[in-house]
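Just so we're aligned: 180 in full-length UniProt numbering is position 180 of the sequence shown, and the numbers increase by one with no gaps anywhere.
Right, one structure below, let's go through it.
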Amino acid sequence: MFLKRKKGIKPAQYKVLVNIINEKDFTILSDSELKQLINNFKKNYFQYLDNNNNSNIRDNERFVNEYMTECYAITKEICRRVLCVDPYDSQLLTGIALYFGKIAELPTGEGKTLAAVFPAVLNALMGKGVHVFTFNDYLAKRDAQWMQGIYEFWGLKASYIQESMDRLQRRNAYLADITYVTPKEAGFDYLRDSIVYDKNEIVHRPFNCVIVDEADAILIDEARTPLVIAGSIGTQHQIDNRLLELVGLLRRNIDYMTDENSRNVYLTEKGSSVVENYLGCGNLYSRRNVETLTDINNLLHAKVLLKQDIDYILKDGQIEIIDEFTGRVADRRKWDYGLQMALEALHGIKCTASNRILGKISIQNFISLYPEISGMTATAKSSEDEFRSTYKHDVYVVLPNKKCIRIDYDDYVFTHKEAKYNAVVKEVCTSHNIGRPVLIGTSSIKESEMLAAMLKQQGIECVVLNAKNDEEEAKIIALAGRFGAVTVSTNMAGRGVDIKLGGEDSPEERKMVLELGGLYVIGISRNECVRIDNQLRGRAGRQGDPGSSRFFISLEDDLLVQFGLKKVIPSKYLGFRQEERIDDSKLLSLIGHIQRVVNGQNFEIRKTLGRYSYLLEWQRRTFFKSRFEVLSCNVPGILSIEKNELYNELCSKYGKDRVDEIQRKISLNCMDEVWYDFLEYCENIKEGINLVSAGRKDPVDEFNRLSINKFEQLREEVDEKILHTLENTDFSMNDSELADKGLQTPSATWTYIINDSIKVKNFSIFSRL
């Protein structure tokens, strides 16, 4: 399940390859002569691929020295002619690292989009397709259109996927040589492909190569995020109103406890007794009460751990999740099984449409379907251990084309938030009075609006980044480097967009901003993830420009309160309030330590979530390999094996082709029904196992044991269901009547993303059985 890594050429040799590329000079060639050179290259390249079909050409010295360097050198010349850009050595190095399966770190503003073109071309020439994963739909469209001219010069076609596209548009886009797409859109298409009843409805072709832009966000922050495809069902579980009343009576630290970081909540022994007496249900942890226990857990989790306007907002009678990294409303996202319903019940909101999970895969497991994977980002080094341990990929750090001269000042620490905000406003006023542009990174939209109001009271007009779409957001963030600009934005908004000092085309304004010290980036609080802080800092100091950054934090900030700063800071700061900042280097070290500890805890959570999904992913691949065999008519129908006499009789009456077609559709339908039940079973046992302490048992091991036992029964269940259905099917039905029976690709489906989590690890249902 791990991502694959190419070996062979050592990273120390990459710079030698750059020299070889730069020695190849095609500037004297006309366009027609360059295209003839490309045709000759492709002819020789294809012949080489045919002759080495069964070997690893990437380890072949001749391939690297002749074909790779020639391809990169030609592409470099095309960049000059099409984009009027001469690629830097840093971009060539990144392109080489990507081709050899590394996670390349290239600073913000150094041109990662162009760097990805080099390996994309070389891989696309193999004829198997290349996907470039982007952070959002806007970047997918922008990058595909931006780089289109380079690909066309090579005789290659580039395309992109947008959420609004229909099935035919998507299939055509995936048939292109290079396809720019977000991982969630590609993943959703994969899930849709897994439930089709006709091979011609599949939009993906076999996966080959993927280049992941913003690799830290996609491969780490979003890696465990499950993508889900769901369909409607007739009935839905409802939370008992008595449980809503009961949860309202439970007392913190008496009936329930939270862990030290307020990430999990669980009933105490006293709380369990309160529940049992209130409901009169007997042993709460008996198997007959698993559903009740699950509902109580979800209600507690929703009530105690989820905070309105921080984790979610209420809008138009709906719950919308706030993305923890961007501070913005997350598109098409729900919480995991039961938690969404519990939160809706607590707010008196009508539960969202009944749904049944038809397919589910994490972004990490989806990406692992690609044989060739690489990635790039501006902040990979700080997560090097996770890239290596989780994905078996090494990080290759590329130095910028021009040395970064940005000044990253030490944090300013205050006793309370009010003092921090006042200091930020004062700092912004100082810079704004001389015209220096300021970008303020906040943790939430609410905080952005509050700070903007404070600035307005001081006579400073600022732009609050609250655009409704990514394209509009990109246009706004790109102007943050203009003279006198003050921009307030959530930390990750406008990702993938460069901020140019003085704006797009104003040399005089750029000179003025340079003389003032460039862009000043202010962070309002430290993030749990160091990489997010570094991404914010990286907004300034682009391409050797001057710039500076500073974080303003308070001892009341969520990160410091939630993770127990008060346990380690000097007692003189506890309960103390002052307007001036705290000048204490030891305190800064303690705050840095907390951030590193939290990073480690988050890594452990991601690993645990991965352990839950690993076995299920293997089961999914095994099951759907069998489904694809049935879909492709590569296996004989069960009727001809188990009920040969009936099969022959039906064939003589309705024709073999008709009988085989109906048998195939019924087989697919029965397989799907059994699989949907299996997914629901796994969700239920996962919820139950995480409810209470496993004692000496590992919850993941218990989950795997139960999941394996159930999975081993699936084949027998499928066969029995297919035979029973076939024996009771009217084979005279026409296609319309078959469709009415559900024997077609589900049409009423929708996709969403789950905010996966591990809830309550302190107990287990197995401890009191």
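Even for Gly, the Cβ is constructed at its ideal location relative to N, Cα and C.
The structure presented is a predicted model; accordingly, all values stated were derived computationally and were not measured.
| Query | Result |
| --- | --- |
| Considering only the beta carbon of each residue, do SER374 and VAL521 sit closer than 9 Å? | no |
| Starting from the Cα of LYS350, find the closest Cα among ALA378, ASP316, LEU358 and give me that residue. | ASP316 |
| How would you call LEU17, buried or exposed, if buried means at least 16 neighbouring beta carbons within 10 angstroms? | buried |
| So VAL488 packs on ALA452, CB below 8 Å; how close in whole Å? | 5 Å |
| Let me make sure I understand the geometry here. Which of LEU244, SER272, ARG288, LEU300 has the alpha-carbon closest to that of VAL265? | LEU300 |
| In the DSSP assignment, find the unbroken beta strand (DSSP E) run with TYR266 in it and report its ends. | 265-267 |
| Measuring CA to CA, which of ARG406, ASP410, ASN365, ILE434 is closest to residue 782? | Shown here, the chain extends from 1 to 769; a query on residue 782 therefore has no answer. |
| If SER707 sits next to LEU616, beta carbons under 8 Å apart, how far is it from one beta carbon to the other, in whole angstroms? | 7 Å |
| By the three-class DSSP mapping on this structure, what secondary structure does ARG436 have? | coil |
| Measure the CB-CB distance between GLY496 and MET512 and report whether it falls below 9 Å. | no |
| GLY127: which of GLY111, PHE46, LEU83 sits nearest, CA to CA? | PHE46 |
| Quick check on the DSSP output: what are the complete alpha helix (DSSP H) runs of length 4 or more inside the segment 67-94, in order along the chain? | 69-82 |
| Evaluate the contact criterion for the segment 20-35 versus the segment 64-76: three or more CB pairs, one atom per stretch, below 8 Å. | yes |
| Which same chain residues end up closer than 7 Å to PRO107 when comparing Cβ atoms and leaving out the 5 residues on each side of it in sequence? | ALA378, PRO400, CYS404, GLY538 |
| Using three-state DSSP, classify TRP335 as helix, strand or coil. | strand |
| Helix or strand or just coil, what does DSSP make of ALA330? | coil |
| State the DSSP-derived secondary structure class of VAL181, mapped to helix, strand or coil. | strand |
| Once DSSP output is grouped into helix, strand and coil, what is the label at GLY695? | Confidence in GLY695 is poor, its pLDDT being 49 and thus under 50, which makes the residue's placement unreliable; the coordinate value appears in the next sentence. If DSSP states are grouped into helix, strand and coil, GLY695 belongs with coil. |
| Mind listing, in chain order, the continuous alpha helix (DSSP H) runs of no fewer than 4 residues lying wholly within the segment 147-224? | 167-174, 183-193 |
| Use the C-beta contact count for PRO371: other C-beta atoms within 10 angstroms, 16 or more gives buried, fewer gives exposed. | exposed |
| Counting along the chain, where does the alpha helix (DSSP H) carrying ALA474 start and finish? | 470-478 |
| Which of the three DSSP states is assigned to PHE26 in this structure? | coil |
| ILE638 and SER667 look like a contact to me (Cβ under 8 Å); what is the Cβ gap, rounded to whole Å? | 7 Å |
| Please classify GLN578 as buried or exposed, where buried requires at least 16 neighbouring CB atoms within 10 angstroms. | exposed |
| Taking the C-alpha atoms as reference points, what is the distance between LEU83 and TYR72? | 16 Å |
| Looking at the strands, I want to know which residues DSSP matches up with VAL424. | Answer is none; VAL424 lacks a bridge partner. |
| What is the rounded straight-line gap between the Cα of LEU343 and the Cα of GLU680? | 20 Å |
| Is it true that the CB of ILE460 sits closer than 9 Å to the CB of VAL428? | yes |
| Looking at SER444 and ASP309, is the spacing between their C-beta atoms short of 9 Å? | yes |
| In whole angstroms, what is the alpha-carbon distance linking PHE188 and LEU227? | 7 Å |
| Who are the near neighbours of GLY95 in its chain, counting only those whose CB is closer than 6 Å to its CB and skipping five residues on each side? | ALA115, PHE118, PRO119 |
| What is the rounded straight-line gap between the Cα of TYR573 and the Cα of THR415? | 7 Å |
| Let me check one thing: in DSSP terms, what residues is VAL463 bridge-paired to? | THR487 |
| For the alpha helix (DSSP H) holding ALA302, just list the boundary residues, first then last. | Looking at the DSSP string, ALA302 is not in any alpha helix (DSSP H), and its letter there is neither H nor E. |
| Can you give the Cα-Cα distance for PRO183 and GLN601, rounded to whole angstroms? | 25 Å |
| Measuring only the C-alpha atoms, how far is SER273 from LYS112? | 59 Å |
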